[in-house]
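Here's the structure we're looking at; comments come further down.
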Amino acid sequence: MTPARSLHQRLLEPADVGAMAPLAKLACYGLLGLWTIVVLFPLYWLLVTSVKLPIHVDAGPVYLPFVDFMPSGHAWRYIFVELGNDTLRPYLNSVIIALGSTALAVLFGSLAAYALVRIQYRVTVGSILAFILILAGVVAAAWRFGVPWPLATAIGLALFLLFLGSLNRHLKQALGNNDILFWMISNRIMPPVVAVLPIYIMFQQLKLLDTHLGLIITYMAVNLPIVVWLMRDFFAAIPVDLEESAQIDGASKLRILFTIVLPLARAGLVACTLLVLILAWNEYLLALFLSTADAQTLPILVAAQNATRGPQWWYMSVLIVIMIAPVILITVLLQRFIAQGILVGAVKG
Amino acid sequence: MRLSAWADRQAAAVMILPAVLILLAFSLFPLLASAYLALSRFSLAAGGYKIRFVGTRNFAKLLIGSEQFHFLGTFGRLSVLDYLILGLAVASCGYGLWRYLAGGRAGLLGLAGRLIAGLLALALLALALIVLNAPGFPGSLVVTLVYVVAGVALQFALGLGLALLCAQPLKGRNFFRIVFFIPLMVTPVGIAYAFRMLADMGKGPFAPIWQLFGLAQFSWASDPWSARLVVMIGDAWQWTPFLFLVLLAAIENQPRDQVEAARIDGASSFQIFRDITWPAIAPVAATVVLIRLIEAFKIIDLPNVLTNGGPGIATESLTLHAFIAWRTQDLGASAAVGYSLLFVATVTCVAFFNLVAQRTRRHEA
Numbered sequence: 006m007t008p009a010r011s012l013h014q015r016l017l018e019p020a021d022v023g024a025m026a027p028l029a030k031l032a033c034y035g036l037l038g039l040w041t042i043v044v045l046f047p048l049y050w051l052l053v054t055s056v057k058l059p060i061h062v063d064a065g066p067v068y069l070p071f072v073d074f075m076p077s078g079h080a081w082r083y084i085f086v087e088l089g090n091d092t093l094r095p096y097l098n099s100v101i102i103a104l105g106s107t108a109l110a111v112l113f114g115s116l117a118a119y120a121l122v123r124i125q126y127r128v129t130v131g132s133i134l135a136f137i138l139i140l141a142g143v144v145a146a147a148w149r150f151g152v153p154w155p156l157a158t159a160i161g162l163a164l165f166l167l168f169l170g171s172l173n174r175h176l177k178q179a180l181g182n183n184d185i186l187f188w189m190i191s192n193r194i195m196p197p198v199v200a201v202l203p204i205y206i207m208f209q210q211l212k213l214l215d216t217h218l219g220l221i222i223t224y225m226a227v228n229l230p231i232v233v234w235l236m237r238d239f240f241a242a243i244p245v246d247l248e249e250s251a252q253i254d255g256a257s258k259l260r261i262l263f264t265i266v267l268p269l270a271r272a273g274l275v276a277c278t279l280l281v282l283i284l285a286w287n288e289y290l291l292a293l294f295l296s297t298a299d300a301q302t303l304p305i306l307v308a309a310q311n312a313t314r315g316p317q318w319w320y321m322s323v324l325i326v327i328m329i330a331p332v333i334l335i336t337v338l339l340q341r342f343i344a345q346g347i348l349v350g351a352v353k354g
Numbered sequence: 141m142r143l144s145a146w147a148d149r150q151a152a153a154v155m156i157l158p159a160v161l162i163l164l165a166f167s168l169f170p171l172l173a174s175a176y177l178a179l180s181r182f183s184l185a186a187g188g189y190k191i192r193f194v195g196t197r198n199f200a201k202l203l204i205g206s207e208q209f210h211f212l213g214t215f216g217r218l219s220v221l222d223y224l225i226l227g228l229a230v231a232s233c234g235y236g237l238w239r240y241l242a243g244g245r246a247g248l249l250g251l252a253g254r255l256i257a258g259l260l261a262l263a264l265l266a267l268a269l270i271v272l273n274a275p276g277f278p279g280s281l282v283v284t285l286v287y288v289v290a291g292v293a294l295q296f297a298l299g300l301g302l303a304l305l306c307a308q309p310l311k312g313r314n315f316f317r318i319v320f321f322i323p324l325m326v327t328p329v330g331i332a333y334a335f336r337m338l339a340d341m342g343k344g345p346f347a348p349i350w351q352l353f354g355l356a357q358f359s360w361a362s363d364p365w366s367a368r369l370v371v372m373i374g375d376a377w378q379w380t381p382f383l384f385l386v387l388l389a390a391i392e393n394q395p396r397d398q399v400e401a402a403r404i405d406g407a408s409s410f411q412i413f414r415d416i417t418w419p420a421i422a423p424v425a426a427t428v429v430l431i432r433l434i435e436a437f438k439i440i441d442l443p444n445v446l447t448n449g450g451p452g453i454a455t456e457s458l459t460l461h462a463f464i465a466w467r468t469q470d471l472g473a474s475a476a477v478g479y480s481l482l483f484v485a486t487v488t489c490v491a492f493f494n495l496v497a498q499r500t501r502r503h504e505a
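Line order of the protein sequences matches chains A and B. The first sequence begins at 6 in my numbering and counts up by one. The second sequence begins at 141 in my numbering and counts up by one.
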């Protein structure tokens with residue numbers, strides 16, 4: 006029989022091993038609840054502000070719709086009806102750019118990740134040197150001496166293939182798959198502001214500034230390392246036997262990837278896609294440099310509100326709510342997948 | 141059919157080449173071109189632009205020239221305490237180096253890396269002390285460091301605390317887990333505006349509280365430190381979930397039987413944390429801090445939208461500085477700022493990886 010416990014003991018000591026004392030439990034819930042409020046309150050405030058009239062904002066804070074004030078849809082009407090296309094166009098731009106860049110990043114990233122898991126690469130130092138030298142030559146020729154880009158590139162490519170064989174024989178030291186992977190991931194360390202200036206000039210030459218295609222390509226390139234990093238782990242977890250038997254049956258590598266491996270790595274694919282999709286949706290810096298009007302994305306539209314109209318919070322809140330609603334919806338519904346993607350990337354290191 | 145057969149034979153190249161070419165075009169090429177831009181002067185000319193090579197003049201402008209106040213900051217006077225701190229830092233760096241050399245496993249690369257990292261750390265510390273002292277005023281470099289160091293420390297502490305709470309045997313943990321995760325995914329520009337509204341002392345939701353303390357007339361946006369604090373709070377709101385999520389997973393993977401055995405033996409919660417939980421999660425903690433460090437150096441959305449870099453340049457991060465230089469058509473200065481950021485971020489991250497992250501792993505083995 007257990008001895009009778011005093012009130013003091015019952016509050017401060019756990020009932021049995023592995024459980025928690027009631028007071029500790031209360032403190033835990035208190036702190037967790039506090040952070041829940043910290044997390045949700047800014048979102049609540051956005052939602053509430055979006056249905057306020059200007060007077061409700063300017064006269065000092067009111068908190069509860071229907072209790073403190075009568076909500077009004079005037080800001081929503083203004084953003085959707087009066088501004089109409091000015092809202093819809095950036096929204097559509099964001100959708101197109103996020104979806105397009107994600108699809109391409111996942112496609113090319115998965116291809117590379119699968120190749121890095123199943124194929125042994127040897128890149129000789131000689132070929133890298135040759136590539137760098139010829140690239141420098143092409144850039145110099147085109148930039149300094151006015152040789153047209155396509156011509157310079159074609160000549161460079163021809164020279165590269167010509168020299169490749171002989172160089173490989175002389176400089177034999179080679180880099181393997183891990184080096185390639187490290188190089189790809191290390192691109193994430195580079196602050197995008199370093200890369201964006203040359204991309205800006207490059208796009209100016211190629212007439213890609215302020216176009217969907219330009220932003221799609223750029224976002225794809227920025228997110229590609231993440232896809233490679235995550236998908237490599239998901240692919241590596243798939244047993245190789247299945248693929249080997251398919252190979253014996255005569256299936257090609259690409260076919261194996263698309264019909265056997267990708268369906269098996271479905272969960273990882275979903276995680277990776279969602280993560281990249283949200284990153285592309287939220288991106289700000291690159292769009293700031295590379296889009297001005299036609300391809301303007303939502304974050305740029307929202308950020309620009311301040312400059313053009315001053316802080317008209319009710320309109321701004323509507324824009325922010327429609328910008329973050331899809332992201333929050335995806336997050337809450339598919340949290341399991343996204344969290345898994347982040348965990349695989351972070352825990353492995 | 142023939143095309144697919146050819147594609148299959150070339151599968152090795154076909155699969156990896158797109159990714160390699162994309163990264164070459166959008167990462168390596170811009171990196172090199174940017175280095176050239178940083179060393180040249182960009183000017184608009186008839187029918188286009190002119191790029192003229194000027195050597196290190198852009199960097200000289202940032203370090204000792206007309207943009208010094210913007211990049212490094214305005215210098216103040218050092219107090220005795222600052223000299224003491226500096227002396228202590230020099231001594232501890234020297235001691236670390238001596239131990240490395242005496243350890244008998246020193247290599248040329250390791251020595252060079254440690255020298256670069258140590259000298260950079262000392263230089264940045266000295267700079268921070270000089271510009272944070274009375275008539276001084278920090279430039280974008282020190283402000284970015286404040287965001288990175290103080291911000292990541294704050295987020296780590298919050299994330300770890302929440303993860304420890306969420307790892308307790310409580311009902312409804314899943315609810316907290318989903319809610320706590322949300323901020324990470326919310327568009328930073330949206331967060332910035334939300335916090336601007338929340339922080340408004342006259343019309344924001346906390347206005348009655350400010351009035352109670354007689355602070356309603358105080359404007360956080362015109363005081364450098366309160367403006368920086370608001371930026372850091374917004375950043376912490378967004379990024380704490382990332383550390384929380386990963387640390388929680390690590391805590392849940394810790395050896396359960398050891399924890400239970402320790403508890404039966406009467407160990408206190410703090411002892412269990414110090415001797416079992418912390419060693420178990422240290423490698424993951426180091427990795428997640430490294431990832432966060434990499435991202436923290438790139439901060440721009442929050443300061444740009446929340447405060448526009450102001451008051452003055454008080455909240456300007458390096459990326460924002462580069463953007464502002466670009467907007468005024470000074471591409472050379474913009475690239476030079478970007479390259480400085482690249483240098484500081486890379487040295488910091490590589491040093492952290494080699495000196496901290498690797499060490500936690502060694503204990504594990």
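Beta carbons are placed, not taken as given, at the ideal position from N, Cα and C, and that holds for glycine. Just so you know, these numbers come straight off a predicted model, no measurement behind them.
Against chain A, does residue i count as a neighbour if the rule is that its beta carbon must be under 8 Å from one of theirs?
| i | result |
| --- | --- |
| B:LEU179 | no |
| B:GLY344 | yes |
| B:TYR333 | yes |
| B:ASP441 | yes |
| B:GLY330 | yes |
| B:SER174 | yes |
| B:LYS201 | no |
| B:GLY478 | yes |
| B:LEU471 | yes |
| B:ILE318 | yes |
| B:ALA436 | no |
| B:VAL487 | no |
Helix, strand or coil, according to DSSP, for residue i in the structure here?
| i | result |
| --- | --- |
| A:VAL128 | strand |
| B:ALA159 | helix |
| B:ALA242 | helix |
| B:ARG217 | coil |
| A:PRO66 | coil |
| A:SER257 | coil |
| A:TYR34 | helix |
| B:LYS190 | strand |
| A:SER99 | helix |
Assuming the contact rule is C-beta atoms closer than 8 Å, residue i and residue j should be a hit. Round their C-beta distance to whole Å, please.
| i | j | result |
| --- | --- | --- |
| B:ALA376 | B:LEU294 | 5 Å |
| A:TRP50 | B:ALA334 | 7 Å |
| B:GLY253 | B:ASN494 | 7 Å |
| A:LEU267 | A:SER115 | 7 Å |
| B:ILE421 | B:GLN378 | Not really, about 22 Å apart at Cβ, beyond 8 Å. |
| B:LEU460 | B:ILE434 | Not quite, the Cβ-Cβ distance comes to about 18 Å (not below 8 Å), so this is no contact. |
| B:LEU481 | A:VAL198 | 7 Å |
| B:VAL399 | B:ILE391 | Not really, about 10 Å apart at Cβ, beyond 8 Å. |
| B:ILE270 | B:LEU203 | With 8 Å as the limit, B:ILE270 and B:LEU203 do not qualify as a contact, their Cβ atoms being about 14 Å apart. |
Report buried or exposed for residue i, applying the criterion of at least 16 other Cβ atoms within 10 angstroms of its Cβ.
| i | result |
| --- | --- |
| A:TRP319 | buried |
| A:LEU36 | exposed |
| B:LEU251 | exposed |
If we define contact as Cβ-Cβ less than 8 Å, is residue i a contact residue for chain B?
| i | result |
| --- | --- |
| A:MET6 | Here A:MET6 scores only 44 on pLDDT, less than 50, and its place in the model should not be relied on; the value that follows carries that caveat. Not one chain B Cβ lies under 8 Å of A:MET6. |
| A:TRP154 | no |
| A:CYS277 | no |
| A:GLY65 | yes |
| A:LYS212 | no |
| A:PRO70 | no |
| A:LEU398 | Any question about residue 398 of chain A goes unanswered here, given that chain A covers just 6 to 354. |
| A:ILE325 | yes |
| A:ARG127 | no |
| A:LEU88 | no |
| A:ASN98 | no |
Cβ-heavy atom distance between residue i and the ligand FAD below 7 Å?
| i | result |
| --- | --- |
| A:ALA118 | Within the structure as shown, the ligand FAD is missing, as the structure has no ligands at all. |
Next on the checklist: I'd like the ranges of any alpha helix (DSSP H) spanning at least 4 consecutive residues and lying wholly in the region 322 to 399 of chain B.
Outcome noted: 328 to 339, 347 to 352, 364 to 392
Checklist entry - Where are the alpha helix (DSSP H) runs, 4 residues long or more, that stay fully inside the region 224 to 292 of chain B, in chain order? => result Those alpha helix (DSSP H) runs which fall completely within the region 224 to 292 of chain B and span 4+ residues are 248 to 272.
Item to check | Runs of alpha helix (DSSP H) wholly within the region 175 to 211 of chain A (minimum 4 residues, chain order) | outcome: 182 to 191, 197 to 211
Checklist entry - What are the uninterrupted segments assigned as alpha helix (DSSP H) that are 4 or more residues long and contained completely in the region 445 to 493 of chain B, given in chain order? => result 458 to 467, 471 to 492
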